[in-house]
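Numbering (UniProt numbering), first residue to last: 1 to 284. Even for Gly, the Cβ is constructed at its ideal location relative to N, Cα and C. Scroll down for the structure; my scribbles are underneath it.
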Amino acid sequence: LSSLSPHRDERFKYLAEALRQSDYDIIGLQEVWLIKNYEALKVALKAVFPHSHYFYSGKIGSGKCIFSRFPIVATSFTAYTLSGYPYALNHGDWLGKKGVGFCKIDVNGTILNVYVTHIHAEYNRDNDVYLPHRVTEIVQLSQLIRFTAGNSPVILIGDLNFEPEDIGYRFITTSLDLKDAWLEAGDGVMLYTRNNIDYSDSLNTNSFTPANEIEKRIDYILYSGDHLKSQACQVTLGRIPDAAFNYSDHEGVEATFQLNARRLRQRQDMAGRFYHSYAVATCQ
Numbered sequence: 001l002s003s004l005s006p007h008r009d010e011r012f013k014y015l016a017e018a019l020r021q022s023d024y025d026i027i028g029l030q031e032v033w034l035i036k037n038y039e040a041l042k043v044a045l046k047a048v049f050p051h052s053h054y055f056y057s058g059k060i061g062s063g064k065c066i067f068s069r070f071p072i073v074a075t076s077f078t079a080y081t082l083s084g085y086p087y088a089l090n091h092g093d094w095l096g097k098k099g100v101g102f103c104k105i106d107v108n109g110t111i112l113n114v115y116v117t118h119i120h121a122e123y124n125r126d127n128d129v130y131l132p133h134r135v136t137e138i139v140q141l142s143q144l145i146r147f148t149a150g151n152s153p154v155i156l157i158g159d160l161n162f163e164p165e166d167i168g169y170r171f172i173t174t175s176l177d178l179k180d181a182w183l184e185a186g187d188g189v190m191l192y193t194r195n196n197i198d199y200s201d202s203l204n205t206n207s208f209t210p211a212n213e214i215e216k217r218i219d220y221i222l223y224s225g226d227h228l229k230s231q232a233c234q235v236t237l238g239r240i241p242d243a244a245f246n247y248s249d250h251e252g253v254e255a256t257f258q259l260n261a262r263r264l265r266q267r268q269d270m271a272g273r274f275y276h277s278y279a280v281a282t283c284q
């Protein structure tokens, strides 16, 4: 992987510095394939993001990790049942064993359920031989969120590899009533449309993709919960300042949320008392 990823070590150093200087509270990353790169980020960000977790999976690692200013009180990883073909070495999705990482994060006494995922790539939109795998992964993801969310707000971070008009995006948002932070509070950077769907840039300026490649929106921050509201959302971490290359072949997405923690804790406490009373009554 190190030989296939240009300027990898340099880009991770720049990324660590950008994140260290940011005002983010929670960061979800994908395609951090090498453990040594995660460990380097962990050391560089320790003073600002003292809590982090890497989700191990497959032959080369899931590539997914979370950094947080707030305590991570529980973690789990669920590998998707279908995740590419072992003989498709040129694609590599099977080697990484796609899945979803899940963290419960304690934000000053309020629990947030944060999920980070990376759905199987499309590769060929006109002949998507992996579509059954990709749809199955989305269905499995939605079921996992439904069974683990409880009464806590949900934030889903990741590369879904589905565009907004595609079945995968429509299924995950409608089945779980997830809101798209960009649609709720996007900053208007998207300058052109295709099939009435807005995309991130009118011109492709990413140093790692062909200049004539059409930009598309496949990276998302989705959320749910009556007490969580997106206030701003924008594209970030594009071209590295004073460098000839980008941080990644994908721009980052950042969102700012307002959390009504007091009302949410009251709701969670009430749910906890109800569950406790019900359990005692059943035991009797």
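With a cutoff of 8 Å on beta-carbon distance, Thr-117 and Val-135 are scored as not near each other. Taking C-beta separations shorter than 8 Å and ignoring five residues to either side along the sequence, the partners of Leu-45 in its chain run Ala-16, Leu-19, Arg-20, Ser-52, Phe-67, following chain order. The residue from Cys-103, Tyr-123, Val-73, Lys-98 with its alpha-carbon nearest to that of Asn-90 is Tyr-123. Counting only runs of 3+ residues, the beta strand (DSSP E) found wholly inside the region 95-142 occupies 99-107, 110-118, in chain order. In terms of Cα proximity to Lys-36, the closest of Lys-13, Pro-50, Ile-221, Ile-157 is Lys-13. The count of Cβ pairs closer than 8 Å, one atom from the region 155-167 and one from the region 230-246, stays below three, leaving the stretches out of contact.
In terms of Cα proximity to Leu-112, the closest of Thr-205, Glu-215, Ile-167, Phe-70 is Phe-70. In the pairwise beta carbon analysis, the region 171-179 is classified as not touching the region 245-263: fewer than three pairs are separated by under 8 Å. Remark: C-beta atoms of Asp-93 and Ala-121 approach each other more closely than 8 Å.
8 Å or more divides the Cβ of Ile-138 from the Cβ of Ile-105.
A distance below 8 Å separates the beta carbons of Lys-64 and Leu-29.
Per DSSP, reduced to three states, the secondary structure at Ser-62 is coil, with no helix or strand assignment. Listed in chain order, the non-local C-beta contacts of Arg-239 below 6 Å within the same chain comprise Asn-246, local neighbours out to five positions each way being set aside.
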